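Below: the structure, in structure tokens.
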């Protein structure tokens, strides 16, 4: 199942992040793809704040992962942009983050090819005028359910 959405501004992108986090039940994995500045971190910020985080949500560009322990569960926000080799994820203990009780957001997932597990949702963000166009693909039954929930079908 795939969805095509238009997002007009930053607040709409953050709201969509929250809606998709809730639609997934705050569990699973979301891959975020797009050029620098496309809105991957903005989407993540909205999701993390909707899950209950109060305060700054920074991009984990230099730390690779930022953990958030919230009432909804654990959320791990990855930014793999600076990753030189996917094997580095093994040293990070990547498999320990992807559990049935966590939600993992992964920016630049192509940098972890061959190591990362398949996503529940894969989101590609492209600039469209002053807004963004999102292509959302479900990669699992949980992802399909989330897409249906987002459309108001489930």
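Numbering (full-length UniProt numbering), first residue to last: 1 to 154. Positions of the beta carbon are idealized from the N, C-alpha and C atoms, including for glycine. Please read all numbers here as calculations on a predicted model, not as lab measurements.
Counterpart residues of residue 135 in DSSP-defined beta bridges: Start at 1 with the first residue of the chain shown, and residue 135 comes out as number 135. DSSP output for residue 135 lists 4, 124 as bridge partner(s).
Residue of 142, 152, 57 minimising C-alpha distance to residue 28: Your numbering for residue 28 matches position 28 in the chain shown. Of the listed residues, the one whose Cα sits closest to residue 28 is 142.
Counted within 10 angstroms of its Cβ, other Cβ atoms place residue 132 as buried (16 or more) or exposed: As a first step, residue 132 must be located in the chain shown, where it is residue number 132. Burial call: buried.
Residue span of the alpha helix (DSSP H) that contains residue 43, given as start and end: Along the chain shown, read from residue 1 onward, the residue named residue 43 stands at position 43. Looking at the DSSP string, the run of the alpha helix (DSSP H) that includes residue 43 is 40 to 50.
CA-to-CA distance, residue 104 to residue 83, given in whole angstroms: Position 83 of the chain shown holds residue 83. Position 104 of the chain shown holds residue 104. About 17 angstroms.
Option in 50, 78, 56, 57 with minimal Cα separation from residue 63: Residue numbering aside, residue 63 sits at position 63 when the chain shown is read from its first letter. Ranking the options by Cα distance to residue 63, first place goes to 78.
Which of helix, strand or coil DSSP assigns to residue 107: For the purposes of this step, residue 107 is taken as the residue at position 107 of the chain shown. Residue state, collapsed to three classes: strand.
Closest by C-alpha distance to residue 93, when choosing among 128, 76, 108, 139: Position 93 of the chain shown, counting from 1, holds the residue named residue 93. The candidate whose alpha carbon is nearest that of residue 93 is 76.
Sub-8 angstroms separation of residue 74 and residue 118 beta-carbons: Against the chain shown, residue 74 aligns to sequence position 74. Against the chain shown, residue 118 aligns to sequence position 118. In this structure, residue 118 does not lie closer than 8 angstroms to residue 74 by Cβ.
Contiguous alpha helix (DSSP H) assignments of at least 4 residues, all confined to the stretch 52 to 83: none
Proximity below 8 angstroms, CB of residue 128 to CB of residue 6: Stepping through the chain shown from its first residue, residue 128 is reached at position 128. Stepping through the chain shown from its first residue, residue 6 is reached at position 6. Contact: yes.
Contact set for residue 58: own chain, Cβ-Cβ below 7 angstroms, skip 5 residues either direction: As a working note, residue 58 is residue 58 in the chain shown. 66, listed in sequence order.
Own chain residues within Cβ distance below 6 angstroms of residue 50, not counting five before or after: Start at 1 with the first residue of the chain shown, and residue 50 comes out as number 50. 18, 21.
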